[in-house]
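A.B. asks: Be aware that the sequence shown starts at 4, since it is given in our numbering, and climbs by one per residue. The beta carbon of each residue, even a glycine, is placed where N, CA and C say it ideally should be.
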Amino acid sequence: MKRTPNVIVIEDNDDDYEALTFAFEQDGAAGLDIERCTTAQEAENSLVRLRNRTDIAREDRVLIILDLRLPGLSGFELLKTMRQDPHLRRIPVIVLSSSSNQSDVIESYVTGANAYIRKPRNFDGYLKMVASFRMFWTGCAELPVLG
4 MKRTPNVIVI
14 EDNDDDYEAL
24 TFAFEQDGAA
34 GLDIERCTTA
44 QEAENSLVRL
54 RNRTDIARED
64 RVLIILDLRL
74 PGLSGFELLK
84 TMRQDPHLRR
94 IPVIVLSSSS
104 NQSDVIESYV
114 TGANAYIRKP
124 RNFDGYLKMV
134 ASFRMFWTGC
144 AELPVLG
């Protein structure tokens, strides 16, 4: 039986975060536990806590949605740090960026992203993106357990 994953959203833009979470709510994301980090430093702290937890259930799954343009450390640097950690590198990371620059797409995949999605321009786009996202990541893909 598949369990709904916990989602860590690393996004500094309030409007983008609100659109994303509201789209998840509208899509019926009951049971989806979303944690927000607004800086790479907050995300690093959250990931350290996650890595060091001793109470992680064998079924716990985590998915990360990562913006590239963050205050301080960039999303690329955070992704690189995660991929060097034996425990954290198994967590799927989906880059969600407003950039259509092909070099950002390439660097994201080279650095270890599992997917690159461009941010929608309007709320209807967020609804469509979230529906596809949830169908794949919670319905089709098998996510690794953390425990």
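Based on the DSSP output, what are the partners of residue 129 in its beta bridges?
C.D. replies: As a working note, residue 129 is residue 126 in the sequence shown. Residue 129 pairs with nothing; no bridge assigned.
A.B. asks: Whole angstroms are fine: how far does the CA of residue 38 sit from the CA of residue 96?
C.D. replies: Position 93 of the sequence shown, counting from 1, holds the residue named residue 96. Position 35 of the sequence shown, counting from 1, holds the residue named residue 38. Straight-line Cα distance between these residues: approximately 14 Å.
A.B. asks: With 16 as the cutoff for other CB atoms within 10 Å, does residue 88 come out buried or exposed?
C.D. replies: For the purposes of this step, residue 88 is taken as the residue at position 85 of the sequence shown. It is exposed - the Cβ of residue 88 has fewer than 16 other Cβ atoms within 10 Å.
A.B. asks: Our contact map puts residue 50 next to residue 91 with C-beta atoms below 8 Å; I'd like the distance itself, whole angstroms only.
C.D. replies: As a working mapping, residue 50 is identified with position 47 in the sequence shown. As a working mapping, residue 91 is identified with position 88 in the sequence shown. 6 Å between Cβ atoms; contact.
A.B. asks: Rounded to the nearest angstrom, how far is the Cβ of residue 25 from that of residue 35, given a contact under 8 Å?
C.D. replies: As a working mapping, residue 25 is identified with position 22 in the sequence shown. As a working mapping, residue 35 is identified with position 32 in the sequence shown. Not quite, the Cβ-Cβ distance comes to about 13 Å (not below 8 Å), so this is no contact.
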